[in-house]
Every structure is written in structure tokens, then in C-alpha cells.
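The listed protein sequences derive, respectively, from chains A, B, C and D.
Counting in my numbering, the first sequence runs from 11 upward without gaps.
Counting in my numbering, the second sequence runs from 11 upward without gaps.
Counting in my numbering, the third sequence runs from 11 upward without gaps.
Counting in my numbering, the fourth sequence runs from 11 upward without gaps.
Every residue, glycine too, gets a C-beta built ideally from N, C-alpha and C.
Structure record follows, encoded as C-alpha cells.
4 protein chains.
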Amino acid sequence: AVNIERVLEEISAEDDGMSHSRLMQTATSVREISKQLQRRPIKRAVRTIMIITKARDNKLVYLTRELTEFLLKTPRYNSDLGVTVYVDAKLRTSTRFDAAGLLASNPRYSDMLRYWTPDVCWDFPEKFDLVLTLGGDGTVLFTSRLFQRIVPPILSFALGSLGFLTNFPFDTYRSTLDRIMEGSGMRVNMRMRFTCTVYRAANNKRRPSTSSLPKMATPELIEDSQSEVLNELVIDRGPSPYVSNLELYGDTHLLTIIQADGCIISTPTGSTAYSLSAGGPLTHPSIPGILLTPICPHTLSFRPMVLSDTLCLRICVPKGSRSTAYASFDGKGRVELRRGDEVRVEAGRYPFPTVVGEGGTGGEWFESVRRALRWNTRGAVQRSF
Amino acid sequence: AVNIERVLEEISAEDDGMSHSRLMQTATSVREISKQLQRRPIKRAVRTIMIITKARDNKLVYLTRELTEFLLKTPRYNSDLGVTVYVDAKLRTSTRFDAAGLLASNPRYSDMLRYWTPDVCWDFPEKFDLVLTLGGDGTVLFTSRLFQRIVPPILSFALGSLGFLTNFPFDTYRSTLDRIMEGSGMRVNMRMRFTCTVYRAANNKRRPSTSSLPKMATPELIEDSQSEVLNELVIDRGPSPYVSNLELYGDTHLLTIIQADGCIISTPTGSTAYSLSAGGPLTHPSIPGILLTPICPHTLSFRPMVLSDTLCLRICVPKGSRSTAYASFDGKGRVELRRGDEVRVEAGRYPFPTVVGEGGTGGEWFESVRRALRWNTRGAVQRSF
Amino acid sequence: AVNIERVLEEISAEDDGMSHSRLMQTATSVREISKQLQRRPIKRAVRTIMIITKARDNKLVYLTRELTEFLLKTPRYNSDLGVTVYVDAKLRTSTRFDAAGLLASNPRYSDMLRYWTPDVCWDFPEKFDLVLTLGGDGTVLFTSRLFQRIVPPILSFALGSLGFLTNFPFDTYRSTLDRIMEGSGMRVNMRMRFTCTVYRAANNKRRPSTSSLPKMATPELIEDSQSEVLNELVIDRGPSPYVSNLELYGDTHLLTIIQADGCIISTPTGSTAYSLSAGGPLTHPSIPGILLTPICPHTLSFRPMVLSDTLCLRICVPKGSRSTAYASFDGKGRVELRRGDEVRVEAGRYPFPTVVGEGGTGGEWFESVRRALRWNTRGAVQRSF
Amino acid sequence: AVNIERVLEEISAEDDGMSHSRLMQTATSVREISKQLQRRPIKRAVRTIMIITKARDNKLVYLTRELTEFLLKTPRYNSDLGVTVYVDAKLRTSTRFDAAGLLASNPRYSDMLRYWTPDVCWDFPEKFDLVLTLGGDGTVLFTSRLFQRIVPPILSFALGSLGFLTNFPFDTYRSTLDRIMEGSGMRVNMRMRFTCTVYRAANNKRRPSTSSLPKMATPELIEDSQSEVLNELVIDRGPSPYVSNLELYGDTHLLTIIQADGCIISTPTGSTAYSLSAGGPLTHPSIPGILLTPICPHTLSFRPMVLSDTLCLRICVPKGSRSTAYASFDGKGRVELRRGDEVRVEAGRYPFPTVVGEGGTGGEWFESVRRALRWNTRGAVQRSF
């Protein structure tokens, strides 16, 4: 349907006289390519699977054991055995997981059962063809923290009711995995993450930067730490009784002064989380936007906003601010921002691919919004005669 | 920066085994192309200009006269004369516009001064290299109605304070036009419009369809009329005292039942208009999303939503509905929807290119939001000791 | 607990030197009296009962028949017969109600079974010791329209699920009525109503005022019509595409200009109805306040407001308004307001006494808010790890 | 206008057969008395005045000096001297206040210039006929904290722009005080305060209760501390990353479970403060209501609520709660609430009388809402053609 040749020609053409109608056709073509990419299923062998769960939850450990055994023993890809499985290194000695018993049942498993640590995820994310999570949405957020660079496709099983990010019921794991590994393959949503970078005013820097050659943003700012967030960055006033007074810049323009308890910079994925509590709009995860949602703003007119994901947002604590502020990343890693410090937020280079169900992306999200939030469910106002 | 060759290869590659990391690179590249397209200025000769204004407003007619004369006489493109100007055919006999006087001042103008009618806009939109509007945002909406298919670039002058769509002050028209025609060229925002199509239940059809071969949507539905909207489609209960009971479908899925005074399906451009009044989020015009904003919903949980612009939305009046509903398109063309009728809304194939100021798109929109809406301006709640 | 003597003394004391501490004690005492009045049950003979229902709903007519027979035949107050029952005059000839059959069963009923018309309600409201309604909240609103002056206590039976105003399940009518007529008596909520008066600009008056000596509000305004509303007065733009531009006065001060689709002036009882849809706060029916809730306001800062019920509000269509407006009263009696016309709203002199259940007023309202609106029911946003 | 005799009769009448129409007349009369009390000016000699300001703000100390001298020397009440003035004991040795210089100017001042301490305010609030505050709304809140029992009338001067509670411009202090002391007297608003009492679960109690005989609320709860608040009680999750899970009781009924960042229990006076930031309705200070406003609630349907001030609200941290909570009182006195602890909130017995301007209460509040919050100020959404 899309004439790719023309897209290429148009874009590489260096004549400035390109007419507006040709420009429009190009824009349309690019959008079309983008849609097709979303719908294209990935069909390739899944030879190495990682399982993530709460190692401290006994029930989950038993289920992990069951899942591991299923993966190890179910014959795949013309072999008489299953695939390589990585489980949390904390389970190595778990009596509930009972690795010894597993290996005893088939000595060939000893090459196939392996253990992941956070370092492995950081250094060799390409190792994993698929990641399975067992638990709730929190476990998926934990997975996002583990993979701060490239992220393998994530398939999330829910134990109880399905969540926004856990869209496969655990009790159908066999048919789900059979379909993905040997059937129709998997389709993924590329969920945008944000790269959040904390910059310290030169005199606020406590510990030396991890990089040997500190990137100097401006003469006075030193890069400190960086996180990829899947849901949101929250900046709040912490225990200070005073309202935050934050400067918000888009690229180099001062967009507004935020006088509020704080503000939330949320991805569309995070639009069903904290941003929603603070009054932000429900936003489909495929939208390339940045949600700006104030927390208890001190003006009546501070309506939530959806910004273009081409912006680099900067949230700065002014040098003359009455108090400091606190930043947290997907609800974790809280750091204090002192006067002169800032956080920069940009659409990240490493999106978070989540496997979608058979029904496809659109309906699934709506379904979870209705189910988990009771969005627009009945219970209506008084009706007249 | 973007490796176009690779984009091409990836997309045309038909191997289903494309790895997720390659897929991700492709997605990123496509997004990058899209951004670059937005930033690319159009530099080509503007030889034919159309001027749109309220022909009934005397003051505007005088200014149109002034602008016309400036365009006709200012030498452009190595000629000793200006460019061709199309004005509203209603001005042909206007004493205030005084076409006769203009032609008397230079007989060569007689070839250059022409008159547009709605039919010309419909049949030959490519005639115009640029459209100038004089007036308020309403005049820009009127322009969108005139160009229901391909739309030339629109440059909008504001008479008084700048609006959301009128971002050039009239009193600087000379320098603005000089810059665009002979200086750095123009950059445009491709604003999404929606194609809204009314379908009638077979037995509700009053007049024969305009097309000789009626497109049958489903056996019972007959296409009736179609409009491109720049701001929004509104469906409301009209004079009925009963609340609307509308079914909302996304593609073929029933998304929700809307029990409300009505609902607004808004473009991001329209997010500063009626949708905002009804509680919708401010949304940057570059976001490829569809805003669903209920009007006085009858449930507490019907929060506004930003949907993907890849959806085809259908709003249906159920066969068993207590009352009918009314649709209007950018505030005009109100039609009654009877039981069984529906309206379909899709991202249109013909976006609306608006010329942006020197500052570029991001800052300009923010500036208009702050200026016109007093978004997050001071006037704060009580402060403590 | 309240020293009434002191209240009297304080208030009648004409010495201007009353100290602030005495004044405060007085204020407290008055509030205390008010609370005690609310809790005081009325225990007096209920000898005449009126039944209101939708005469066109067959099922309701059968139930009315059943209820009527129960009231006529169950011995009360040391008599061997029941009490006088007034039913809708429309049922006089209803075959479903079968008045003839009822009278045939006991000739003494012929004195006890009577028929009400709207005129009887208007002229002799004191006739009725108790009014029973069968139906939904709409039937209660209809009852409020019938009794525009003094209102007898209203006991409302719900057929299906309980509503905000229909707090007794029909299937327990026997025990409910036994308790009220011969047991612990009844406690009532005095629900505030608003007196809404339409005033016409002198030249807008179509029909002569009903009063022989027209009350002249100001030289140019003539009183036109008056309604008591239990829920709300709504003023909207009607079919006009232009936003309403209404002036809102509190007593004689201009409070604000309302630029919106309209506005709702709601009682606390109405806070669960249309006002809630438009974003107004849930407000306990005992609060002596007036809710001002804009419908789709054109400013971001037009937050809903709860005003003192001591104010006389006036909503005026300015003489220079672009369009007219429409007023409706509890969803009925829609009238056009032309330029110069106004509506005045005041806490009415005739509250609407609704019988409350055993549990008392506070819990009952909360229960209905939770049940009918699903207020703050679970279905929560995403939780973190 | 009000027949007080009848009120008395009705209320003291012990016959249970009081008809509903008589009951209604009584209710109306009580409301009428209440209104008249509000409008009644207090005209009595103001012989002792207290001045409250920030003792650390040099500019304010100079103005306090100026005001003190004016009050001491301006002849009042047939004397050749002014009235007794109490200033903050912290000013006793202030060189900027220069008490010595003041006394040197007239030795008779030595009896008239006195110093207040928090203890004096607690023990002998009746000493003061009038309290003047200099500063912002925060100074008025500080004054409320000083007077935890009976509160003298408070007249608040604003230095810069007027606030919600500071409604007299300082530069007119002479005419303002002349009018109040010798002219038309003063009218006061009786602003409701809340009595907030912290109860500790028996095993959570750290320090012994101040009362010798601890009031036992239930066997397990021990009264801990008590505060009168003028604006609001806030209960939040503090530094805990987990959402609060609070039980809200009205008298003995469980009204709802609050899953949110916290909740605000606000007076109508506080409706322009934190409650407004969190989405609560603007509520006129004369409304006898309790505002319940959630902070970032985790359900979509948790709309703010206005409750009757006859309720005793109890906010409890459940025994099994995941985390503790924090309470603060008018933004101060933050205390941790551990599992099993609760806070009770009731309309206080000691309202806070604020002197109102000449214009009277209604208009003044509206004016401050418009001025300080820019409520419904222009800056409107896009208008159509």
C-alpha cells in the first residue's frame, strides 16, 4: 500500500522547492509505515526465556517452578527438549524452587537452567528472546528498571485479575506460550519510555559522576544519574510545607512556572497510574505524547496537558527557591533536587516492547481501562420523570 | 542522522524472523523521519495567493483592499510586478473594495486580480500557493470548510489579539510576506483533520445519495454526507430533555455506551476549543490522537480520553434509543441522527497546513495557550504563614 | 440541652453592647435548636393519604390498587377501618384500577376513596397528612411540581433499586406504613427548594401577568411566572450555536459574567443530579447552600461554587446579548429568556419534607450516593511494585 | 419580622402531635434568627486591643510601632488618651519597636502598653476586645492557633494585596479603626473552626495524656492532642510510597475507604486554600458544611463532597494498614498516625469571628475569590466563526 520508494526519494531530495502537496503525501506515507510496523507480528525462534517474579512471595516461587519445568521439558523447534530458562539468582538456593530436584529429574537441564542477576540484564540484554513476568503491574515496572537499555519483549502473566500491564491470565500459560513459540508468533506494543537525567548545579554535586569525563550540560551543570521510566517521573515538595516552585522548560523555552505540590511527567503507559489520580487524561499507549499533570496546583487554570514527544522537558528548582524538591522514577529511586538542580526528560531511545494478546492492542487497553478503573461504568446520576 | 537505506530495507524485508532489536531501530527511524519532515521549511515561489475574510465586515474589506494592493504591486520573483491574488467573489461589486479603482491604477492588474468561489476551492485547490486569512479563528475554520480535499498552506493574520489559529499580527504583514516569499520560506504544521461521515439506517434516508453507486457500509447503512473537521465533531441531545445514549465503537469493538448530554470527538487542534470547556486535556497539535470528551456525563468515572488516530470511531444512535441526537461539524452543518444512524470519524487524508511563525511550532502553541486561556497564570490559593 | 430562655433574651435584647462572647453563645444555641428540630419525629395520626404514581404505567396502577386496598381496609386509630385515600383522578375510570370492584367489596369505602387533581394540591395541600409516591425519583420531582406551596410529608417507594429520593423498597410497604402510622412515627428531612421567578423586560412581556397588580421589580421588569424547584434551575443556550453570556447577580452585586453553554443553580438535593454531571460537588441535602455549577464554561478557572442560601441570585440575559437563553425547572417548563429578561432564585419558603428511613438521614444519603453513583468504589489506578 | 414568641412555644411544646406545617414554620423561623444574628453589628467600647504580626519582619515591626502609637494616643471614649495595647512580648526589647522611646514620649503610656504571650491568649482570651493582625493570611492562621478556645473579634490588615482573610488595606487603618471604635461599630463573620482530636491506639501512646483522667473513647483509644483549625485538617501518606488506606466514619457509620495520597477535611473558610488545589468546590464561609476533598484519589469516582457540620467525622488508620499516615492542622503541627490511631473532626464550639468590611460579607468574599484566584476571569476558549 505504501510506496516506499517515493518516501525515500522525497526525504533524500534536497530541492527546497518541494511542493506542499508532495510534502503532505510524504507525511502520510511515513505515518502509514509507522502503523504497519505496529501490526507486524514477530515470528522467530524463542530459545532463551527469562522469568521475573517476586522471589520473596512463596506462592509465586512455586508457580515459577511450574513454569520453568514446562519450558524446560516441552519439546520445541525440532528438539526433544525445551528452551533455556533464566530465573532469579535468588532462587538458586531456594528450597521452594528446588533447583536440585529439577536437575535431578533430567540431567540435561543442567545446561538449560540458568540464573540472572541485574548485571546480566544490564550487560547482555540481547541474551533473552522473551521475558516472562509473574505478578502484578509492579513486577513489570521492576522489569523496566532491570533493562535500562535494550529491552527484550515482555510477556506478563497476571495471577489474579488482569492489570494494565499484565494482560495474560497465568492459568492459560501453556496455550499462550505454544502460540507464541510455535504458532502465529507475537505482536508487541513498543511502549515509549522516558530517559530522565538529573543534573546537579556545580556546587550541589556530592559524589563524583560515574562517567570519567563528565558531560557538561552548561558550565554550571553536571550530569548525575539517569533512569528510563515506563510510567512517570514525579517531582514533589517532599516533607516541605511549602509549595513547589518549579520552572518548566521545553527545549530552551520557559513554558511555565509550576506552583503546586508537584508535577507528574507521564508516558501514555503511565496515564492509568499516578497521572490519572491527579486528574490527567487516559491516553492510549501508542500515542507519542508526554503528559504534564500538576499535583494540587495553586492556580485554577492549570489544566493537564499532552505535549509532543519531540520536546526535551527540563524541570528546574530555581536558585532562589524557598525549598528543595524530590524526584522519583516509576515510584522509586527518590532523590532530592537542591536549588539549581534540574531533571531532563526525553522520549527514550529504548522503548519497552510488551507482547499483546490475540485481540490486538486497541481493544485490550480499553478492556483493561473498563475493568480495572471501572471507567464509565453505570451508576448514574438521578434521572428525571 | 537517519539511515534511510536501512529504513527501506527493514520495511521491505519480508523475513518474518526480523529480530525485536532491529524492529525497534526501524520504529525509531520512522519517528525520526517524521520529526525532520515537520522541521523542513518549504521554499518555493508563491505565485498565486488567495485571501479569505468576512466579506460583510467593512473594516476587514478595507484591509483586504490594502493587502491586495500590496501583493499586486510589490515586485516578486524577478518581475516588476507582484503575484496573482484571488479575493472573495462577493467583493467583485463592493464599493468598499473598489476593484475598479484598483484596476484603474494599473491596467496590468486586470489579469492578476481574480475572484474565488466555493466551487473553485473544491475543484482546483492546487491553484493556490498560499491562502491568507484575515479575521479570527472562526475565519480559519471557515477556510477549512472551503477546502474539503487538498488544502493549500494557510497563513492567518489576526486583527486584534492573536488566537490559537491566527498567529501573525496583521500590522506586520509586509515583513511576514516578504520573508515567506523571498526570504527563508515557510514552515508549516500539518494539522490533522477528521473525516466525518454520516451513515443513515436504510429506512431513515430522506434524499438520494449524491454518488450514483451508494457505498453500502453494512446492508442497512447508506452513506449520506461527509465533512472534514479541523476542531471537532459534536454529538448532543439537541432539544430533547433526555440524555443521549450513544454507542461508541472503535473499529468493530464496542468501546462504551455514552450516557451524557453528548460527546465531543476533537482533534488536538480542537483541544483548546469546545473539548476544553467540557474538561478535555490541552493537547499539542502535533500529537496524532483523537480526543474523546464527554459533555456532562452521567457517570462519575467518564474521564476524557486520548485515543490513537489509527482507530475508526463510530458513534451510533441505538435502534431502541429513547430520543434522537444531533451532530455538528466545527460548530456548523447540524444534522439530526435518527435511530440506527451513525457517524464515523477517522484521521483524514487531507491535513490542514498552517504556516508557523519564526519561533517554530512548540513555543507558539504554548504562548497562545498562556495568552488566550491564561493557562496556569498566577492568582493562587491562600498561602500559609 | 438548649436554654431556650436565653436564646430569647439574647435576641430580643436591644442593647447594642452585647459582647462578642454572648453573641457567639447565641449563634451556637440557634444552631443547636435547628439540629434538634431535624431529629424530632412527628407522631400524629395520619388520617388522609394521597398516592401519586404514573397513571399510564400498567404495573404501577396494579400496585396502586393493592396499596389503596391495604390502606382502606387495615384498621387504624381505634377504628375497624383504615384511612382516607386520594388517588389520581385519571384512575377513576381505569379498568386496571377497578374502583368499582373496590367499592363493591365494602360499601363503606365509598366515603374513603377519593380522587385528587392538580387543583386540589394547589388549593388544599393541608388536606393530606402523608403523600406516598410509587415510581422513581422522577415521580418525586413530579410531586414537587404538584405542591408549589405547602408540601405534606412525602414517603417514596421505589419499585426497583432505591434512588436518591426513593428510599423505601415497595415490598416492605406494610411494615413501613404500620411503623409510621402506629409505631414510632416519622422523621422528615426538610429539603430546601428554590423559588424561581421569571421577570420579563417590559417590552418582552407577551401575556398579562396573572396578578391583577403586577409587582414591579424595577421600573422595566414585570413578574411573569414562578416555580418551586427541588433539584435545579438550568439556564442554557438552547439551539443557539453561540455561548451564553449571562450576568449573575447576588442581591444587587454583579458576581460574575457566565460565558458557558449554560449554568445550573442547584439545591443540595439536586447535587446528585445534573449539577454532578457538570462537575459540581456532592452536597448533603441538609446543607443550606446554593450550588452554582457552570456547564462547559469558557474559562479554565470557573470552578463550581457553593453559595449561601441567604442570597437572592439573579441571572440576567444582557440587553446586548448575541442570543437568547432558555430556562428549565427540574427539567420541565422550558421558557425562552429574551434580552433583558431575568430569573431570580431564592431559598423557598416551602421546603419539601421527605420521610427518612429508620437509619436516619446521614447514613441514608451516603448509602444512596455509594449505591447509585458508585461513588469512590474500587477499581483503582495501577499500583507499583 | 420573626415572631420569637412562637419559636419558643413551638420548641418547648412537648406534644408529639405537632403538625408538619407548624414544624416547617418553626424551621423557617430558626433560620431567620440565624440570618439576623449575622447581620447584627456589635457596638461596644473597644478598650483593649492586641496586635499580632511577624516579630521577625522588620518592616512589620515598624508598622506595629506606628499602629501602637496611634492607638495609645488617639483619644477614645471621652478620655484624653487612647486604649490599652498588647504587643508581642518578643518586641519588648526590640530596638526597632523602641518601647522605651514610646514610653518616654508620654509616661502615662506605661500602664497602657502591655505584652502578650501565648499563655495569656490561652488563659485570658476575654481580655482583648479586638485583635489586629498585620501581615498575610498566614498571620491570621497563626492567630487562630493562639486562640484555641474563645476568640476575640479579629480585624486583619493586609500589607500588599488583600487576601481571603486579610480584607482591610493597612493604609486606611485610621479611618477603619475610628469607624469601628466610635462610629457604626463592627460586624463580624462567625467562621466555623473544626475541633480535631487525635486518638491513639492504646499501645501507640507515647506520652501520658495531659488530662488526669483520660477520656476513654473506646476501650482501646486514648485521647492525645487537640487543635482548632480554621482552614483544614490534612491527612497524607507522608514519605511513604504507598497510597493511604484510611477509613472514614461519620458518627458511627463507615462512610468510605479513602485510597489516595491523602484527604483534606476543610472548613468553608479553607475552601479557597488547599482543598481548592485538590479540586474542592469554592464554598462561602457562612455555609455550615464540612468539605471532604481527596488528594489524588485512586478511584475515578471520588468526587469532592460537602457534608453536614452536624457529623462527627473520624479518620482511622486501619490496624492492618500497609503504612502509617500524617496529620497536619492548618499546615502545622504534623503528627504521625500509626496503625489503629484516629483523628476526630467536629464543628468546633469556638468559632473565629472576623470583622467584615463596610460592603458586608457576601460581596467581600466574592471579590477576594475573583481577585486572588482570578476565578472565571476572561481568557476564553476558541470561538467559532
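Assigned exposure category for residue i - 16 Cβ within 10 Å defines buried
| i | result |
| --- | --- |
| residue 1 (chain B) | Outside the shown range of chain B (11 to 395) lies residue 1 (chain B), about which nothing can therefore be said. |
| residue 4 (chain C) | This structure cannot settle anything about residue 4 (chain C), because the visible part of chain C is limited to 11 through 395. |
| residue 132 (chain C) | exposed |
| residue 183 (chain D) | buried |
| residue 383 (chain C) | buried |
| residue 127 (chain C) | exposed |
| residue 332 (chain D) | exposed |
| residue 26 (chain C) | Low per-residue confidence applies at residue 26 (chain C): pLDDT is 47, beneath 50, and the placement is therefore not dependable, though the value from the model is reported in the following sentence. Exposed, since its Cβ has fewer than 16 Cβ neighbours within 10 Å. |
| residue 134 (chain C) | exposed |
| residue 254 (chain D) | buried |
| residue 241 (chain B) | buried |
Close Cβ partners of residue i (< 6 Å) along its chain, the five nearest in sequence each way excluded
| i | result |
| --- | --- |
| residue 376 (chain B) | none |
| residue 265 (chain C) | 258 |
| residue 231 (chain C) | 209 |
| residue 324 (chain A) | 259, 352 and 354 |
| residue 178 (chain C) | 167 and 186 |
| residue 312 (chain C) | 304 |
Own chain residues within Cβ distance below 8 Å of residue i, not counting five before or after
| i | result |
| --- | --- |
| residue 176 (chain C) | 143, 145, 146, 147, 149, 150, 166, 167 and 168 |
| residue 82 (chain C) | 91, 92, 93, 95, 112, 116, 119, 122 and 123 |
| residue 75 (chain C) | 106, 107, 108 and 112 |
| residue 322 (chain A) | 260, 261, 354, 355 and 356 |
| residue 104 (chain D) | 65 and 71 |
| residue 125 (chain A) | 96, 97, 98, 99, 101 and 102 |
Residue nearest to residue i in terms of C-alpha spacing, selected from the options
| i | options | result |
| --- | --- | --- |
| residue 99 (chain D) | D:129, D:82 and D:80 | D:129 |
| residue 281 (chain D) | A:282, A:308 and A:276 | A:308 |
| residue 316 (chain C) | C:328, C:310 and C:299 | C:299 |
| residue 197 (chain C) | C:374, C:378 and C:386 | C:374 |
| residue 97 (chain D) | D:80, D:84, D:63 and D:85 | D:63 |
| residue 326 (chain C) | C:52, C:346 and C:310 | C:346 |
| residue 363 (chain A) | A:173, A:200, A:67 and A:141 | A:200 |
| residue 351 (chain D) | D:338, D:344 and D:334 | D:334 |
| residue 138 (chain A) | A:344, A:156, A:163 and A:152 | A:163 |
| residue 248 (chain A) | A:102, A:125, A:344 and A:303 | A:344 |
| residue 303 (chain C) | D:386, D:68 and D:188 | D:386 |
Own chain, CB closer than 7 Å to residue i, minus 5 neighbours either side, in chain order
| i | result |
| --- | --- |
| residue 360 (chain A) | 159, 160, 161, 203 and 238 |
| residue 79 (chain B) | 112 |
The ligand ATP heavy atom lying under 7 Å from the CB of residue i
| i | result |
| --- | --- |
| residue 123 (chain D) | As far as ligands go, the structure on display features none, and thus does not contain the ligand ATP. |
Every unbroken alpha helix (DSSP H) within the segment 79-155 of chain C, with a cutoff of 4 residues, ordered by chain:
109-115, 119-122 and 128-133
Taking contact to mean 3 or more Cβ pairs, one atom from each stretch, closer than 8 Å, check whether the segment 263-274 of chain D and the segment 282-299 of chain C are in contact.
no
Any chance you could list the beta strand (DSSP E) runs of at least 3 consecutive residues sitting entirely within the segment 322-382 of chain B, in chain order?
323-326, 335-339, 342-347, 352-357 and 362-365
Please go through the segment 246-296 of chain A and give each complete alpha helix (DSSP H) segment of 4 or more residues, from N-terminal end onward.
284-287
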